[in-house]
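Notes to accompany the following structure.
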Amino acid sequence: MPDSRRLQVLRAIVEDYVHTREPVGSKALVERHNLAVSPATIRNEMAHLEEEGLIVAPHTSAGRIPTDLGYRLFVDRISEVRPLSAAERRAMDRLMESAGDHHAMLEQTVRLLAMLTNQVALLQYSQSSTTTIRHIDVLSMAPQRVLVIVIFSSGEIEQRMVTLPQDHTEDGLARIAQTLSAELNGRVTSDLPLPHDALVAAVEPGLRAQMAVVGEAVDSVLAAGRSERIVMAGTANLAKSNRDFGSAIGPILEALEEQVVLMKLLTEMDQDRRGLSVRIGRETSHDSLAETSVVVARYGSTAEAKLGVVGPTRMDYGSAMSAVRAMARYLSRILTEG
């Protein structure tokens with residue numbers, strides 16, 4: 029772990045590279061930052077940072093740029109995330125007041141976030157549904173094979189064939205169906221997922237393995253009916269970062285357009301103690317986004333509701349994290365009050 033002076037040097041390199049897009053040398057650090065040490069000491073600290081994989085020399089340049097690991101250490105050391113400025117709050121108020129309905133407000137939020145950060149802004153939300161569960165049944169079809177049937181208030185019927193871990197009885201299946209119906213009948217499908225642990229615990233031990241399998245089948249039916257959507261703005265900002273992406277910009281644009289990769293990534297991202305989640309470069313676990321960083325925060329009351337930005341790894345992380353968290357909190361308050 030670098031000492032405090034080495035961290036100062038790393039922070040200065042990140043800040044300069046984000047600002048100039050040029051590799052940073054020791055001379056520039058001496059001229060631009062009050063590090064209170066000699067150029068030779070800075071060169072020595074840079075050599076240590078390079079050995080630790082936190083900075084790297086691109087090509088034959090005398091300067092250094094941060095690696096994904098260097099950005100990660102820099103981001104992890106950002107302890108204070110500033111609130112929205114007065115001007116940003118006024119802009120948010122004006123846009124919210126001009127929004128005609130819920131969806132228009134979400135679109136306005138994304139456009140403002142893209143404008144504030146100069147990144148691609150995105151917002152994930154669950155499409156609301158008033159459909160409720162009317163009845164659940166479990167029918168025997170063959171030894172260890174059962175048909176799980178879910179009937180909705182809309183009249184729609186969905187079913188799944190599943191294999192149980194052991195032979196079943198008619199009484200056992202009836203008990204499982206009764207337990208599921210008692211817990212779920214009348215529940216709005218968009219308000220779920222299932223309380224799996226409670227359902228398994230509600231039946232006798234001999235039925236719990238079967239309940240777990242049947243519960244997963246019901247959950248798959250409900251998940252298929254839940255619809256996640258992404259609102260996006262600022263894709264043109266990627267063009268301004270073309271020097272950062274080079275030939276990688278094509279796959280990035282495709283990932284943004286298809287949205288499947290983004291939705292999977294957002295689902296995987298959990299908030300840290302600052303109320304944010306940041307994935308840098310290869311941390312996205314998706315080849316098409318390996319040259320990007322993603323900053324998101326939850327808003328509202330559901331885990332699926334997330335607001336964030338996608339941009340190059342050479343991102344102004346402090347400003348992006350500040351804008352994303354502040355706007356997510358602001359949006360949560362508007363939705364609660366509304």
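Numbering (this note's numbering), first residue to last: 29 to 366.
The beta carbon of each residue, even a glycine, is placed where N, CA and C say it ideally should be.
Being a predicted model, the structure only gives us computed values, none of them experimental.
Asked	Found
Coil, strand or helix - M29 by DSSP	Confidence in M29 is poor, its pLDDT being 46 and thus under 50, which makes the residue's placement unreliable; the coordinate value appears in the next sentence. Coil.
Buried or exposed by the 16-neighbour rule on C-beta atoms within 10 Å, applied to S66	exposed
Close beta carbons around Y345, own chain, < 6 Å, minus the five adjacent residues each side	V103
Same chain, Cβ closer than 7 Å to A119, five either side skipped, listed in chain order	L140
The segment 225-240 / the segment 255-264 touching (three or more Cβ pairs under 8 Å)	no
Sequence ranges, alpha helix (DSSP H) only - wholly within the segment 30-89, length at least 4	32-48, 54-60 and 67-79
Where the alpha helix (DSSP H) through V289 begins and ends	V288 to E296
For V352, the three-state DSSP class (helix, strand or coil)	helix
Proximity of I280 and L317 at Cβ, strictly below 8 Å	yes
Residue(s) in a DSSP beta bridge with M260	L150
Best match in A115, F273, M291 and S350 for proximity to T371 [C-alpha to C-alpha]	For residue 371 there is no data in the structure shown, the boundaries of the chain being 29 and 366.
Pairwise C-alpha distance: V138 and G309	23 Å
For Q287 and R326, believed in contact at Cβ under 8 Å, the rounded distance	Not confirmed; about 19 Å, so no contact.
Host beta strand (DSSP E) of L175 (start-end)	R173 to F180
The segment 105-113 in contact with the segment 43-57 per 3-pair CB rule at 8 Å	no
Alpha-carbon to alpha-carbon, T217 and I41	50 Å
Member of L150, Q136, A210 and I93 whose CA lies at the smallest distance from the CA of A283	L150
Reduced DSSP secondary structure (H/G/I, E/B, other) of S106	What sits at residue 106 in the sequence shown is Ile, not Ser. I106 falls in the coil class under three-state DSSP.
Separation of T320 from E78, as counted between CA atoms	22 Å
Where T191 falls, given that 16 or more other Cβ within 10 Å makes a residue buried	exposed
Start-to-end residues for the alpha helix (DSSP H) that takes in L266	N265 to K268
Supposed close pair R215, T160 - CB separation, criterion 8 Å	6 Å
Helix, strand or coil at L141 according to DSSP, with G and I counted as helix	helix
Integer-rounded CB distance, given that L222 should sit under 8 Å from G387	This structure leaves residue 387 out entirely; the chain is present only between 29 and 366.
Separation of E184 from M29, as counted between CA atoms	Low confidence applies to M29: its pLDDT is 46, below 50, so where it sits in the model is not reliable enough to give any reading.
3 or more residues per run - each beta strand (DSSP E) lying fully within the segment 206-244	none
Touch test, the segment 32-41 against the segment 92-108, Cβ-Cβ under 8 Å, three pairs minimum	yes
H61 versus S32: straight-line alpha-carbon distance, rounded	15 Å
Inter-residue Cα distance where the pair is S360 and I258	17 Å
S347 versus G303: straight-line alpha-carbon distance, rounded	15 Å
In chain order, each beta strand (DSSP E) run of at least 3 residues that lies wholly inside the segment 305-346	305-308, 320-326 and 334-340
Straight-line gap, G274 to A85 (C-alpha atoms, nearest Å)	18 Å
For P94: DSSP bridge partner residues	I83
Whole-angstrom distance between V289 and T197, CA atom to CA atom	42 Å
Host beta strand (DSSP E) of E186 (start-end)	I185 to T191
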